[in-house]
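Colleague: Going by the working numbering, the first residue of the sequence shown is number 297, and it counts up by one from there.
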Amino acid sequence: MTTVAIIGSEKSGRTSLASKLGKKGNVSDITMYEFSKSGKVLTAIDVVGYPKSIKPLVTALNLSDMAILCVSPSGLDACAGECIVALDILGYKHGLIVLTKSDTSYPHALDELQNNIKKITAGTVLEKWEYISVSTTSFEGMEELKEMIFAIGESVDEENAKLNDSPPRVVIDQCFNVTGIGCVVLGVLLQGTIHAKDKMNAYPINKPLEIRSIQLHDVDAKTAPTGSRVGLALKNIQSKEIERGSIVSNNETVITDLTLNCVLSQFTKGFSVGDVLHIFVGLQSAPGRVESIIVNGEDVKHAGPVKECTVRFSGSKEIAYSRSDRFILANLDEKQRFVGYGFSE
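1. Could you spell out the range, first to last residue, of the alpha helix (DSSP H) harbouring K415?
2. What number of angstroms, rounded off, separates the C-alpha of T311 from the C-alpha of E439?
3. Is D384 helix, strand or coil by DSSP?
4. Given 8 Å as the limit, is there contact between the region 468-487 and the region 433-453, that is, 3 or more CB pairs closer than that?
5. Is K458 helix, strand or coil when you go by DSSP?
6. DSSP puts M328 in a beta bridge; with which residues?
7. Could you name the residues of the same chain whose beta carbon sits closer than 6 Å to that of M362, not counting the 5 residues immediately before and after it, in chain order?
8. Could you pull the DSSP bridge partners for I589 from this structure?
9. Taking the DSSP output, what are the residues bridged to H491?
10. Let me know if L628 comes out buried or exposed under the rule of 16 or more other beta-carbons within 10 Å of its beta-carbon.
11. What residues in its chain sit with their C-beta under 8 Å from that of E436, if we drop five residues either side in the sequence?
12. With DSSP as the reference, identify every bridge partner of E423, one or two as the case may be.
13. Our contact map puts L646 next to L625 with C-beta atoms below 8 Å; I'd like the distance itself, whole angstroms only.
14. Helix, strand or coil for I624, going by three-state DSSP, please let me know.
15. Quick one, are the C-beta atoms of I543 and A616 less than 7 Å apart?
16. Report buried or exposed for A340, applying the criterion of at least 16 other Cβ atoms within 10 angstroms of its Cβ.
17. How many Å lie between T555 and S640 at the Cα?
18. Measure the CB-CB distance between S561 and V421 and report whether it falls below 7 Å.
19. For D342 versus T327, is the C-beta spacing smaller than 7 Å?
20. Thinking C-beta only, is T396 closer than 7 Å to G318?
21. To which residues does DSSP link V474 through a beta bridge?
22. Using a threshold of 7 Å, state whether the C-beta atoms of L365 and G419 are closer than that.
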């Protein structure tokens with residue numbers, strides 16, 4: 297199974313591309329499209345709530361194995377630039393750059409666009425991503441695109457298989473109540489293997505629960521490996537106690553205040569002591585006030601672009617995380633909202 301985030305500006309052709317990759321499913325601030333053939337399963341996620349909010353973008357990228365950055369013949373704009381920054385600070389490993397609406401342009405113009413994108417993405421995680429030109433009108437390149445997605449998916453499957461023996465962690469993106477069953481959640485198994493009847497906990501509320509049953513793409517299953525998109529019926533917990541971003545695992549750290557070792561993007565203005573940033577980890581998000589900044593062992597009042605620094609935040613909302621989780625920092629008042637990333641001390 298491969299899950300791919302389809303990102304870019306509103307006029308990049310991302311929604312048209314996503315709709316051609318599968319059958320429309322769940323709709324919220326992200327829209328999912330499902331496709332299956334010959335045992336291969338593809339889920340495409342369109343970030344419909346972006347750029348009005350960056351939360352759908354962060355959500356889609358954290359739920360996906362790979363990303364597709366869509367760029368139309370009109371070229372890169374501010375939203376595409378912000379997507380590039382987001383991918384870079386997330387350290388996104390797998391992806392493709394798709395030149396959309398190829399039927400409305402000329403080959404030499406597409407070559408020039410590709411060269412311009414290469415200049416801008418130099419030194420970022422996108423530097424070595426492959427390019428492909430497609431049209432959702434003439435369907436030029438669409439079958440080749442699917443082949444490229446599934447080829448990357450095979451590499452992801454190999455990586456995920458190495459995590460099957462890790463402590464299980466499921467990130468939840470939807471929860472609801474089903475009559476006669478109770479609490480049902482949808483999410484992605486980030487690592488480990490889960491089984492029906494496993495006893496685990498929901499975080500950040502730290503409440504014990506039991507996995508009553510598991511479904512993989514609406515088919516009952518006894519177990520699920522790393523990377524699976526799962527539907528779980530849960531026992532001993534109510535749907536109102538769970539929200540998007542909740543983690544089902546056996547051990548998470550829960551905090552409101554935190555200290556992060558941070559690296560700031562070269563494309564940010566930075567921040568100062570007293571500023572309120574938005575902190576994302578997985579699908580969770582919470583505001584955090586900057587209480588102190590340390591650069592090279594010294595307290596400073598401001599941290600600028602590309603600075604490595606240790607930042608102490610105070611917050612009011614509990615969030616759950618594992619030590620290996622990457623935190624994303626954002627300033628929602630700036631045009632380019634992504635500030636940088638950090639790891640807990």
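Where is the CB? At the ideal position from N, CA and C, for every residue including glycine. Given the structure is predicted, the values throughout are model-derived calculations rather than measurements.
Modeller: This is what the structure holds:
1. Counting along the chain, the alpha helix (DSSP H) containing K415 begins and ends at P403 to T417.
2. The straight-line gap from Cα to Cα measures roughly 17 Å.
3. The DSSP-derived three-state label of D384 is helix.
4. The answer is no - the region 433-453 does not touch the region 468-487, with fewer than three Cβ pairs under 8 Å.
5. Note: K458 maps to coil in three-state DSSP.
6. Note: M328 is bridge-paired with I341 in the DSSP secondary-structure output.
7. Excluding its 5 nearest sequence neighbours in each direction, M362 has C-beta neighbours in its own chain below 6 Å: V300, H390, G391 and I448, listed in chain order.
8. DSSP lists V596 and V607 as partners of I589.
9. DSSP, once it has assigned bridges, lists T519 as partnering H491.
10. Exposed, because fewer than 16 other Cβ atoms sit within 10 Å of the Cβ of L628.
11. Excluding its 5 nearest sequence neighbours in each direction, E436 has C-beta neighbours in its own chain below 8 Å: S398, D399, S429 and V430, listed in chain order.
12. None; E423 has no bridge partner.
13. Nothing in the structure corresponds to residue 646, since the chain is present only between 297 and 641.
14. Here I624 sits in strand by DSSP.
15. Contact: yes.
16. Buried is the label assigned to A340, since at least 16 other Cβ atoms lie within 10 Å of its Cβ.
17. Using only the alpha carbons, I get a separation of about 6 Å.
18. Annotated as distal: S561 and V421, with beta-carbon spacing of 7 Å or more.
19. Yes, the pair counts as a contact, with Cβ atoms nearer than the cut-off.
20. The criterion of a C-beta distance shorter than 7 Å is not satisfied by G318 and T396.
21. Answer is G478.
22. No; because the gap between Cβ atoms is not below 7 Å, this pair is not in contact.
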